[in-house]
């Protein structure tokens, strides 16, 4: 079950997206920090859009853990946006039905800097916020 998903990541592209019905159920629920899909058709649109917005999209599976009902797959996504290379670390939580198809797919990743931070005004504001909320380094005081 998990192997099919990892293979989808490994070979991510238009051709691989044509075989989603062998991996996902028709009523799959999908969610990531930006999108929410309610069925297989919607999921396919979301995944195809990724290839339209970004260039040279590829994934590397880092680690997976699973049982009969759930799987967690950590991955790294590499892509280009505006001719600059980026990477995002993420984790997918998958839930399977009795037939081994994915019925729930939730992706966890930080959309702040890898995505929103690439836009000039938003990126500058986010850097200021990050600087403001960052835990300050303690100053070393040595008592003799």
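Numbering (the numbering used here), first residue to last: 5 to 148. Don't be surprised by glycine CBs; every beta carbon is placed ideally from N, CA and C.
When the beta-carbon positions are compared, residue 58 and residue 34 stay at least 8 Å from each other. Per DSSP, reduced to three states, the secondary structure at residue 9 is helical. By the CB criterion at 8 Å, residue 80 and residue 63 fall inside the cutoff. Boundaries of the beta strand (DSSP E) harbouring residue 84: 74-85, taken from the DSSP string. Excluding five sequence positions before and after residue 73, the CB atoms of its chain that fall closer than 8 Å to its own CB belong to 99 and 100, given in chain order.
Straight-line spacing of the CA atoms in residue 89 and residue 106 works out to 30 Å. Its chain contains 100 and 104 as the residues whose beta carbon lies nearer than 6 Å to that of residue 5, once the 5 sequence neighbours on both sides are disregarded; these appear in chain order. Out of 24, 42 and 38, the CA that lies nearest to the CA of residue 31 is found in 42.
With respect to residue 95, residue 78 sits close: the two C-beta atoms are nearer than 8 Å. Under the 10 Å beta carbon count, residue 18 is surrounded by fewer than 16 other beta carbons and is classified as exposed. Residue 24 places its beta carbon less than 8 Å from that of residue 48. For residue 55, there is no enclosing beta strand (DSSP E); the enclosing alpha helix (DSSP H) has its first and last residue at 44-57.
The residue from 38, 45, 20 and 37 with its alpha-carbon nearest to that of residue 29 is 45.
Within the DSSP bridge table, the entry for residue 34 names 41 and 109 as partners.
Secondary-structure assignment with DSSP links residue 90 through a beta bridge to 83.
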